[in-house]
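Peer 1: Structure in structure tokens, see below.
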Amino acid sequence: MAKDLFLEIGCEEIPAGFVPKAMADMEALMKRELETARIEFGEIVTLGTPRRLVLAVKGMAERQPDAELTAMGPAKSAAYDADGNPTKAAQGFARGQGVEVADLKVVMTPKGEYLAAVKSEVGRDTAELLPEMLPRLIGNIPFKKSMRWADFDVRFARPIHWIVALYGGTVVPFSFGNIESGSASRGHRFMANNTFPVRDLAHYLEECERHFVIPDPEKRKAIIRQEIDRVARQAKGNVLPDEALLEQVSFLVEYPSAVHGTFSPDFLVVPREVLITSMREHQRYFSLVDDQGKLLPGFITINNTLTEDPSVVVKGNERVLRARLSDARFFFDEDHKVKLETRVESLKSVVYQAKLGTSYEKMERFRELAKGLASRHNPAVVDKAARAATLCKADLVSGMVGEFPEVQGIMGREYALHDGEDAAVANAIAEHYLPTQAGGELPASDIGAFVSLADKTDTICGCFSVGLIPTGSADPYALRRSALGIINIILDKGYREPVSGLVRASLELLAAKATRPVEDVYKDVIEFFRGRFVNLMADRYPSDVVDAVVSVSFEDLVEAAAKIQALAEFRKREDFAALAGAFKRVGNIVKEGVDTPVAADLFQEPAEGALYEAQQQVKQKVDAALSGADYLAALTEIATLKPAVDLFFDKVMVMAEDEKVRGNRLALLTSIARLFGSLADFARLSA
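Written out as structure tokens, the structure is:
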């Protein structure tokens, strides 16, 4: 009979960002434990608040099934000598498995005969296994930072205060540090700071709500959404949508309630992004806007308690926010006293990276790149691109950005407009930081795109030039994000900009700073871009389609993306497997191909002439389709060659004895292979 497992880990407040990952990790760890233990189970549920992590497993089998376990040992040839006596290898293997040499069996494998120890294992009761399993699970939850407390030899995100562990309603006995598992949970720290018994998950959820705790993050999120909408209506405004803040706040509270506060309208002279940042990043407040989207002098904050006198809470929050906004207003006014252009000189004293020089030097490098991009893709804005590049980092030395780093670029735009700079230049200053995250907003203008591409390329090439290359676990300069940003901008704008050319130009500007051979850096950077492009495309299209195209076409990202899209569509044809098979056969025969022209006078079979004629006709149509970037049409035309290819293989012996005839037939197949090979490597496609 199956039973349910319930586990709650109660502790001091866990950082909000830790909880969602811990929930996912708990589920993965539990699944792995149960599968390793051969225990059948049903649905796994995880919940979390700042003070508790919960895991429930439904329908866990009461017992492991009996099992026959086979451990493979040395090869038979190494296990016995010429006289058939066991060697040390056989004796050691038997000893390690706890059996006699005579009990070992010979098993046939694809590699030959090997010794094996076959042992029967009697299944254990789940209730017997859980006291070993659960402490291990708790200790293995990976946190970004964990801590030890007192002199206990255990680690967790925060000190643990209680553990509830039940299997079929019965306590699973174990200890973790100084905490013994039990059946009693605790309510809200401030509104119901007492214990209550737990029978199972359903009972736990009921009791939690009675004790002012909402363990389900999705339910808390829904409550917060309802609360802020309700309070916003009362304040005659609308909540500025902010899903990231909603997610974060939902893991800061156990029992959410919302209150409305205000600030002086005088602060609205400060750019709205600064006000929103002050409220969101520093105070976790939701901003309010009117029906036209204009920022209102108000905010909504989420409390972790129900308050008897909300005005006290409101006044406290307003006082804290007033201090933050006063600082912002002060820096805003002070910054206006110095022109943005004047601040550029100060970048000479700002170290961008010890080996790569100052922010001023970096600006000079990517300004040249931006000018080059503009000259190739929109010559009319070369001067504006250069101007935007010159000014785009100047706000880093402003008082406002020093206090609120999140508004870099935004303040550069505001200060540029205040100084009378061209609006297109000012907007590009803000846009050059885009995108700031995966799937984020991209620069709308060419000027912003050119400066963004240039800045990000210099960052990547600069770091690779001095050996600051991302590893699997570390990317301190966010180079992966920069590369994806470059790729997405190029695809969005449709720039036919060769990646190699952009990288070469950047490396030339970095020559004086490089500590690695330029060709090594070039190869590494190109491969880095290739990897990011493949990952991006594989999220949208089948991975083998992406691989087939990128293996032959990567230099032009726009072209490569279009070919991938076309091949993915072409692959939906019912006859695709047969087509791919025919093309693969051609490719397998010619390999690298031959460079001699096809000589019609060497044809000996009608099928040769038929294929050659078909190839000539199709090539004209394919070339026309390729010149118009209609890759699906090109693939469709190539597909019409299949009957002629099949007939050729049915009637013609490619590897003829006559060397000239054989070479001519290989040349004909090479012309076919290169026709579809310009689009993709069909050998990399799965059927």
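Letter 615 of the sequence shown, counting from 1, is numbered 615 in UniProt numbering, and no numbers are missing.
All residues carry an ideal CB built from backbone N, CA and C; glycine is no exception.
Here the structure is a predicted model, which means the values were calculated and not measured.
Is I160 helix, strand or coil by DSSP?
Peer 2: strand
Peer 1: Considering Cα atoms alone, identify which of L321, K88, P131 and R532 is closest to T277.
Peer 2: L321
Peer 1: Ordered along the chain, which non-local residues of its own chain (more than five positions away) have a Cβ less than 7 angstroms from that of P131?
Peer 2: V172, P173 and F174
Peer 1: On a CA-only basis, which of R674, N238 and D575 is nearest P597? Give me that one, please.
Peer 2: With distances taken between Cα atoms, P597 lies closest to R674.
Peer 1: Buried or exposed, going by whether 16 or more other CB atoms sit within 10 Å of the CB of P435?
Peer 2: By the Cβ neighbour-count rule, P435 is buried, with 16 or more other Cβ atoms within 10 Å of its own.
Peer 1: Could you pull out every residue in the same chain whose Cβ sits closer than 8 angstroms to the Cβ of V350, ignoring the five residues on either side in sequence?
Peer 2: T358, S359, Y360, L396 and V397
Peer 1: With distances taken between CB atoms, is the gap from S465 to K513 smaller than 8 angstroms?
Peer 2: yes
Peer 1: Is there a Cβ of chain D sitting closer than 8 angstroms to that of K371, yes or no?
Peer 2: Of the protein chains in this structure there is only one, and it is not chain D.
Peer 1: Using a Cβ-Cβ cutoff of less than 6 angstroms, which residues in the same chain neighbour I179 once the five nearest sequence positions on both sides are dropped?
Peer 2: Only I160 and I163 meet the Cβ criterion.
Peer 1: Scan the region 167 to 252 and note each continuous beta strand (DSSP E) run of 3 residues or more that stays entirely inside, going in chain order.
Peer 2: Runs of beta strand (DSSP E) with 3 or more residues, each lying fully within the region 167 to 252, are found at 184 to 186 and 195 to 197, listed in chain order.
Peer 1: Who are the near neighbours of V552 in its chain, counting only those whose CB is closer than 8 angstroms to its CB and skipping five residues on each side?
Peer 2: G677, S678, L679, A680 and D681
Peer 1: So C11 is in the beta strand (DSSP E); what residue range does that whole segment cover?
Peer 2: Looking at the DSSP string, the run of the beta strand (DSSP E) that includes C11 is K3 to C11.
Peer 1: Can you give me the C-alpha to C-alpha distance between P405 and A2, rounded to a whole angstrom?
Peer 2: 55 angstroms
Peer 1: Quick check on D658: does DSSP put it in helix, strand or coil?
Peer 2: coil
Peer 1: What would DSSP say about H282, mapped onto helix, strand or coil?
Peer 2: Correct three-state label for H282: helix.
Peer 1: In terms of residues, what are the limits of the alpha helix (DSSP H) holding H336?
Peer 2: Run containing H336: none; DSSP gives neither H nor E here.
Peer 1: By how many angstroms is the C-alpha of S686 removed from the C-alpha of V654?
Peer 2: 26 angstroms
Peer 1: Spell out the partners DSSP gives H260 in its beta bridges.
Peer 2: I300
Peer 1: For A370 versus V425, is the C-beta distance shorter than 8 angstroms?
Peer 2: no
Peer 1: Look at the Cβ atom of I300, then the Cβ atom of V253, and state whether they are nearer than 8 angstroms.
Peer 2: no
Peer 1: Give the DSSP bridge partners of E68, in chain order.
Peer 2: S120
Peer 1: For E508, which option in A423, F93, C461 and N488 has the closest C-alpha, if you only look at C-alpha atoms?
Peer 2: Distances from the CA of E508 to each of A423, F93, C461 and N488 were compared; the closest alpha carbon is that of C461.
Peer 1: Okay, do the region 630 to 650 and the region 550 to 568 touch, 3+ Cβ pairs below 8 angstroms being the bar?
Peer 2: yes
Peer 1: What ranges does the beta strand (DSSP E) occupy inside the region 335 to 396, keeping only unbroken runs of at least 3 residues that lie completely in it?
Peer 2: 351 to 353
Peer 1: Considering just the uninterrupted stretch of the beta strand (DSSP E) at K58, what are its terminal residues?
Peer 2: Looking at the DSSP string, the run of the beta strand (DSSP E) that includes K58 is R52 to M60.
Peer 1: Could you tell me if N304 is buried or exposed, where buried requires 16 or more neighbouring beta carbons within 10 angstroms of its beta carbon?
Peer 2: Answer is buried; the Cβ neighbour count reaches 16.
Peer 1: Starting from the C-beta of A56, find all residues in its chain whose C-beta is less than 6 angstroms away, skip the five residues before and the five after it, and write them out in chain order.
Peer 2: F6, V45 and L201
Peer 1: Return the chain-ordered list of same chain residues with a C-beta closer than 8 angstroms to the C-beta of G587, the five sequence neighbours on each side being excluded.
Peer 2: Result list for G587: A673, G677, D681, F682 and A683, in chain order.
Peer 1: The beta strand (DSSP E) with V306 in it runs from where to where?
Peer 2: The amino acid occupying residue 306 in the given sequence is Leu; Val does not appear at that position. Premise fails: L306 is in no beta strand (DSSP E) and is neither H nor E.
Peer 1: Count the CB pairs spanning the region 305 to 321 and the region 372 to 388 that are closer than 8 angstroms, and state whether there are at least three.
Peer 2: no
Peer 1: Can you confirm whether the region 619 to 634 touches the region 651 to 666 when touching is taken to mean that 3 or more C-beta pairs between the two stretches lie within less than 8 angstroms?
Peer 2: no
Peer 1: Suppose you measure from the CA of I469 to the CA of D475; what does that come to, to the nearest Å?
Peer 2: 8 angstroms
Peer 1: Evaluate the contact criterion for the region 145 to 152 versus the region 116 to 134: three or more CB pairs, one atom per stretch, below 8 angstroms.
Peer 2: Cβ pair count under 8 angstroms is below three, so no.
Peer 1: By the 10 Å Cβ neighbour count, where 16 or more other Cβ atoms means buried, how is P443 classified, buried or exposed?
Peer 2: buried
Peer 1: Find out if the Cβ-Cβ distance for the pair V213, G187 is shorter than 8 angstroms.
Peer 2: yes
Peer 1: Identify every residue that forms a DSSP beta bridge with M108.
Peer 2: E113
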